[in-house]
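Residue numbers (UniProt numbering): 1 to 278. Cβ coordinates follow ideal geometry from the N, Cα and C atoms, glycine included.
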Amino acid sequence: KWYWKMIAETIHGKGLGQLIRPEQALESQDAMRRNAITHFVNAVRFGVLAGATAEMLLVPTQCFWNAATNFMGTPAKRKVILEPLKLLMQTCLKVKHPGVDPALRGNLYAVLLETLGDEQRWEEGMATVDVAFRNLPHKEHRKLWGMKVLFLCNSTNLHGNASIMERMSAVGDYDPVTQAQVWSILAQQHPRRYERFQAYSNAIDALSSMPWLQVDYLVDYAEWLYRIGEPVEDVEDMLLVAADSILSIEEPGEEEEGQRDPDGRSQTGSQRSGTSRL
C-alpha cells in the first residue's frame, strides 16, 4: 500500500502545481506550492517505506525541488521550506546506496545549510554539514564548503581554534581555485585576527601557479589590513603585488608580435599582409 500512496502523493502534488496561474494572487500561488511541497515530502516518505528504488524516489524529489525554487530567493522565503526540507533530507538518508541523485541531494543540502545559516542555527548546521559530507560523494562537497566554514567559525561545540584549522586540512584535496575560495571565506568569518591573517595568506598561496587569479584576493587582503589599522606600507605592498600580477599578464600573441625574421621584418606583420588592424 505504501507504493500506491507514494504514487498518489506525487500525483496530488503535481496536480496542485498545474493549478497555479500567473494571474492568481502571489499568496495563493505560494499557498499551493507549499501544499504541493508537503505532498512531495510525503511521497518520498511513503516510497522509502515501500522500499522504492532511488530512481523511483527521484521523481517526487525533483518535483519538490521544482516547487521549492520559488522560496529560495530570500531568507524569509527560505524559512518557509526549512522544516519540509529537513524532513526530506532525513528521509533520503534511509535510501540504500547509491541513493537519490547525488547532485540533486547536494543542491538540496546547500539550500538547507543556507537556511540554517540564515537562522543562525550554528550547532544544527554543523551537524547537518557533517551528515552531508558523510553521505555525499566527494565531488559534491565543493558546493557545501562555504557553509561548512561559516558553521565551523560559529559553532560553540568546537573546542578552540585547532578544531577549525584541523577540519580545514581537507581543503587541500580540492583544486587551487576551490582552495582559495574556501580560505577566503574563512578569512572573512574567523573571529580571531591571527587566523584571519593565516587564511588570507593560504588563499593567496593556493593560487601561486596562477598569479592572475590572486589579484582579487590580494585586494581583499589589502582592504582588510587597512580596516584593522595595519601600517599603510603593508597595505601598499599588497596592492603593488596585485598590480605586478596584472602587469605580468601578457596579451595573447604579444610574445609572437615581438619576434622578427632574420631580415628584420616582423613575423606577425608578414603574416597579416592584406589586412589592417583597427
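In its own chain, which residues sit with a C-beta less than 7 Å from the C-beta of residue i, not counting the 5 before and 5 after it?
i: residue 203; result: 180, 183, 184, 187 and 217
i: residue 248; result: 211
i: residue 112; result: 85, 86, 89 and 128
i: residue 246; result: 215
On the DSSP letters alone, give me the boundaries of the alpha helix (DSSP H) that residue i sits inside.
i: residue 70; result: It is not in any alpha helix (DSSP H) - residue 70 carries neither H nor E in the DSSP assignment.
i: residue 114; result: 102-118
i: residue 139; result: From DSSP, residue 139 is part of no alpha helix (DSSP H); its letter is neither H nor E.
i: residue 230; result: Element bounds for residue 230: n/a, residue is neither H nor E.
i: residue 38; result: 26-49
i: residue 91; result: 82-92
i: residue 8; result: 2-18
i: residue 146; result: 145-154
Report all residues from its chain with a CB closer than 6 Å to the CB of residue i; omit the five preceding and five following residues, and keep chain order.
i: residue 3; result: 50
i: residue 224; result: none
i: residue 213; result: 207
i: residue 77; result: 71
Can the beta-carbon of residue i be found closer than 7 Å to that of residue j?
i: residue 149; j: residue 120; result: no
i: residue 80; j: residue 92; result: no
i: residue 67; j: residue 36; result: yes
i: residue 83; j: residue 42; result: no
i: residue 194; j: residue 221; result: no
i: residue 309; j: residue 136; result: Coverage of the chain is limited to positions 1 through 278, which leaves residue 309 absent and any answer about it impossible.
i: residue 155; j: residue 123; result: yes
i: residue 1; j: residue 48; result: no
i: residue 6; j: residue 46; result: yes
i: residue 226; j: residue 215; result: no
i: residue 44; j: residue 22; result: no
Whose C-beta lies closer than 8 Å to the C-beta of residue i among residues of the same chain, with five residues either side of it excluded?
i: residue 219; result: 238, 239 and 242
i: residue 117; result: 125, 147, 150 and 151
i: residue 32; result: 16, 17, 19 and 20
i: residue 228; result: 193
Please classify residue i as buried or exposed, where buried requires at least 16 neighbouring CB atoms within 10 angstroms.
i: residue 39; result: buried
i: residue 141; result: buried
i: residue 139; result: exposed
i: residue 232; result: exposed
i: residue 207; result: buried
i: residue 164; result: buried
i: residue 191; result: exposed
i: residue 262; result: Because residue 262 sits at a pLDDT of 45, beneath the cut-off of 50, its placement in the model cannot be relied upon, and the following sentence gives the value as read from the coordinates. Answer is exposed; the Cβ neighbour count stays below 16.
i: residue 57; result: buried
i: residue 26; result: exposed
i: residue 132; result: buried
### Message
Extract the residue ranges of the alpha helix (DSSP H) inside the stretch 176-201, only unbroken runs of 4 or more that lie entirely within it.
### Response
Listed in chain order, the complete alpha helix (DSSP H) runs (minimum 4 residues) inside the stretch 176-201 are 176-189.
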